[in-house]
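Enquirer:
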Amino acid sequence: MAEAKKRPNILLITSDQHRGDAYGFEGTGVHTPHLDLMAKQGTRFSACITPNVVCQPSRASMLTGLLPLTHGVHDNGIELDESVADTGFAGSLGRAGYATTFIGKAHFSTYHTHRPTQRPENVAGSALYGEDWNGPYMGFEKTEMMLIGHNYWLPDRAPRGRQYEQWYRNDGLADLKDELYKRRAGDDGGAAQTHHSALPPVWHNSTWVGDRTVELLRDHKRNGDKPFCAWVSFPDPHHPFDAPLPWSLLHAPESVRLPEHRTRDFDRRPWWHRAATETAPGQTGEMGRVRREYSRIEPQTDSQLRHMISNYYGMISLIDHNVGRIMTTLDELELSEDTIVVFTSDHGEWLGDHGLILKGPMFYEGLLRIGMIVKGPGVPAGKVVAAPVSTVDLAATFADYAGSPNGFACHSTTLRPLIEGEGDRDFAYSEWKLGPARCGVALDLRAARTRSAKLTLELETGDGELYLLDEDPKEMTNRFADPSCRGIREELTDMIHSRPQDIRNPLPQPIGAA
């Protein structure tokens, strides 16, 4: 009897708020030698988009293979139902015999809530869990997590925190680490939420994620008796833009490339661009302050923007360094030929495009498009797939490679035919339904992106924007009302309305900010 084909390990590595062009192979000057090598040795998707442009919904879609309005997490501040999460790729593969682990920033639950919850990611709720707790959580058998991971909030002290915070404070040096992080160790040019941190990289959470992943791989080699599925999640390059020395100095501000169009031009855009930018957030109290001061950045001067971009790139390069450590460990342990590795992100970042910074309800390419690289057994080297896809497709892809179908991931379509063959896709889809808490206006946004065009509709008012990306890659001219584009507008509208009619009703409502 023929021996059954060995099931591959699955390693998903993600960054947070990482633009699709912020890779060395994209030609923007970002120092990412290890991700560039991964792309050379594997296959990358040049038109991958996120199913939602903020953290919690996009991460829930990656896990479950469902679109946000179906799994219910249609905006930040909404909890992913644990029974829905358990049908995702981690729970499914765990039941199929995989050892499942999550390392890093999860963000399936809400950090800052109006009232404490009992979720381990909730800042207040984390105090309910002892230092020995490490799962199960959201379908993962084992977790090594951090709270938030963005150093606008310094790591929490006992009894709050998860494994990173425990590690950070348990050597008695937490006060010193906090002081070093806050020390402004270089010229930031006066850029908003930008500084050179003096925190040594060995104590940085990106390094910790790399360390824990390397140890996971070594432990699997020593003791693993079944294949592993691990999601490794770096919390950067999410703002604040605070790479530690020397990584913050790697990209000279004077040498970074500024966006070609970096001026707000709301008069030529749909109504919600101005409204979402100039209307005060609907949240009040401390969460309202965070929305105003942390989640919004006003236009920067060219000099300030250069400093911000250079530090953002430094954060990415530190992640790349740790990806290199992970990939080298796979090679050293002779696991590379047994492991499907995917690198991607939850969403992008405007980073000055059209005068905008961070993220919000304007689906420009810098925010919507993300990188995706796949490497492993059977994956062609040096291949670039231009078909439009989404990270919602990861759940079905992992099920395919594991030989264990997951019928719950019904919005997810395996990427394997595109990787190994000559398959194609017509379009990829994204959606975001948000209330006035974030930006003062309620919006119901749906988008379809093909190889050559992108349409975004606001369903409540019927307004929209259409960009012909093949001739207008900088998205300068909205062709939504152009009579000559009626055909393509109707074609993309039909794509948007082809979404399965399985929207959750009633939809859950936010219980906090994020």
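The opening residue of the sequence shown carries number 648 in the numbering used here; numbering runs sequentially from there.
Cβ coordinates follow ideal geometry from the N, Cα and C atoms, glycine included.
Keep in mind it's a predicted model, so treat the numbers as computed, not measured.
CB-CB under 6 angstroms to Gln688, same chain, minus the five flanking residues each way: which ones, in chain order?
Expert: Lys1022, Ala1028
Enquirer: If we ignore side chains and look at the alpha-carbon of each, how far apart do Lys653 and Gly932 end up?
Expert: 55 angstroms
Enquirer: Across the stretch 1150 to 1159 and the stretch 759 to 774, are there enough close Cβ pairs to call them in contact, namely three or more that are closer than 8 angstroms?
Expert: By the Cβ rule, the stretch 1150 to 1159 counts as touching the stretch 759 to 774, because three or more pairs are nearer than 8 angstroms.
Enquirer: Does Asp1117 come out as helix, strand or coil in the three-state DSSP assignment?
Expert: coil
Enquirer: Applying the criterion that 16 or more other CB atoms from any shown protein chain within 10 Å of the CB defines a buried residue, is Gln765 buried or exposed?
Expert: Exposed is the call here.
Enquirer: Please state whether the Cβ-Cβ distance between Thr697 and Leu1015 is less than 8 angstroms.
Expert: yes
Enquirer: If you count every other CB in all the chains shown that lies within 10 Å of the CB of Gly667, and 16 or more means buried, which is it?
Expert: With 16 or more Cβ atoms within 10 Å of its Cβ, Gly667 is classed as buried.
Enquirer: What does Asp1091 pair with, by DSSP beta-bridge criteria?
Expert: Lys1080
Enquirer: Among Asp1119, Pro848, Arg1146, Lys868, which residue has its Cα nearest to the Cα of Arg1098?
Expert: Asp1119
Enquirer: My assumption, with CB atoms under 8 angstroms, is that Ser693 sits in contact with Asp993. Please give the rounded CB distance.
Expert: That belief does not hold up - the Cβ atoms of Ser693 and Asp993 are roughly 18 angstroms apart, past 8 angstroms.
Enquirer: Taking Trp878 as part of the beta strand (DSSP E), name the residues at either end of that continuous run.
Expert: Unbroken beta strand (DSSP E) run through Trp878: 875 to 880.
Enquirer: On the criterion of 16 or more Cβ atoms from any shown chain inside 10 Å, does Arg939 qualify as buried, or is it exposed?
Expert: The residue is exposed, with fewer than 16 neighbouring Cβ atoms inside 10 Å.
Enquirer: Figure out for me which residue from Leu794, Gly808, Tyr784, Lys789 has the closest Cα to the Cα of Gly777.
Expert: Gly808
Enquirer: Would a C-beta distance cut-off of 8 angstroms place Leu1102 and Leu1113 closer than the cut-off?
Expert: yes
Enquirer: If we count the other Cβ atoms within 10 Å of its Cβ and call it buried at 16 or more, is Gln1148 buried or exposed?
Expert: It counts as exposed.
Enquirer: What would DSSP say about Arg915, mapped onto helix, strand or coil?
Expert: Assigned with DSSP and collapsed to three states, Arg915 falls in helix.
Enquirer: Between the beta-carbon of Glu791 and the beta-carbon of Asn798, is there less than 8 angstroms?
Expert: Not closer than 8 angstroms, so no.
Enquirer: Going along the chain, which residues of its own chain have a beta-carbon closer than 6 angstroms to the beta-carbon of Leu713, five neighbours each way excluded?
Expert: Taking C-beta separations shorter than 6 angstroms and ignoring five residues to either side along the sequence, the partners of Leu713 in its chain run His1058, following chain order.
Enquirer: Using the beta-carbon count (16 or more within 10 Å), is His898 buried or exposed?
Expert: buried
Enquirer: Please report the straight-line C-alpha distance between Arg1133 and Leu977, rounded to a whole angstrom.
Expert: 51 angstroms
Enquirer: If you reduce the DSSP assignment to three classes, tell me which class Tyr784 lands in.
Expert: strand
Enquirer: Is it the case that the Cβ atoms of Leu1081 and Arg1093 are separated by a distance below 8 angstroms?
Expert: Between Leu1081 and Arg1093, the gap from beta carbon to beta carbon reaches 8 angstroms or more.
Enquirer: Which residue comes first and which comes last in the beta strand (DSSP E) that contains Ile657?
Expert: 656 to 662
Enquirer: What's the call for Gly772, buried or exposed, on a 16-neighbour Cβ count within 10 Å?
Expert: buried
Enquirer: From the DSSP output, in three-state form, read off Met648 for me.
Expert: Summary for Met648: the model assigns pLDDT 29, below 50, so the residue's position carries little reliability, and this model does not support an answer.
Enquirer: Do you know offhand how far Met648's Cα is from Pro893's?
Expert: At Met648 the pLDDT is 29, less than 50, meaning the model places this residue with poor confidence; the figure from the coordinates comes in the next sentence. Distance between the alpha carbons of Met648 and Pro893: 57 angstroms.
Enquirer: Going by C-alpha distance, which of Gly738, Ala1095, Ser950, Thr860 is nearest Gly836?
Expert: Ser950
Enquirer: Roughly how many angstroms separate the alpha carbons of Asn723 and Val701, rounded to a whole number?
Expert: Roughly 7 angstroms separates the two Cα atoms.
Enquirer: Could you check if Pro1130 is buried or exposed, using at least 16 other CB atoms within 10 Å of its CB as the buried criterion?
Expert: exposed
Enquirer: Where does Val849 land, buried or exposed, given buried means 16+ other C-beta within 10 angstroms?
Expert: exposed
Enquirer: By DSSP, does Pro1147 sit in helix, in strand, or in coil?
Expert: coil
Enquirer: Using DSSP with H/G/I as helix, E/B as strand and the rest coil, what is Leu977?
Expert: DSSP places Leu977 in the helix class (H, G or I) of the three-state scheme.
Enquirer: Is it buried or exposed for Gly1054, if we count other Cβ within 10 angstroms and need 16 for buried?
Expert: exposed
Enquirer: In three-state terms, what does DSSP make of Met792?
Expert: strand
Enquirer: Looking at the structure shown, is Ala1066 part of a helix, part of a strand, or coil, going by DSSP?
Expert: A small correction: the amino acid at residue 1066 is Ile; Ala does not occupy that position in the sequence shown. Helix, per DSSP.
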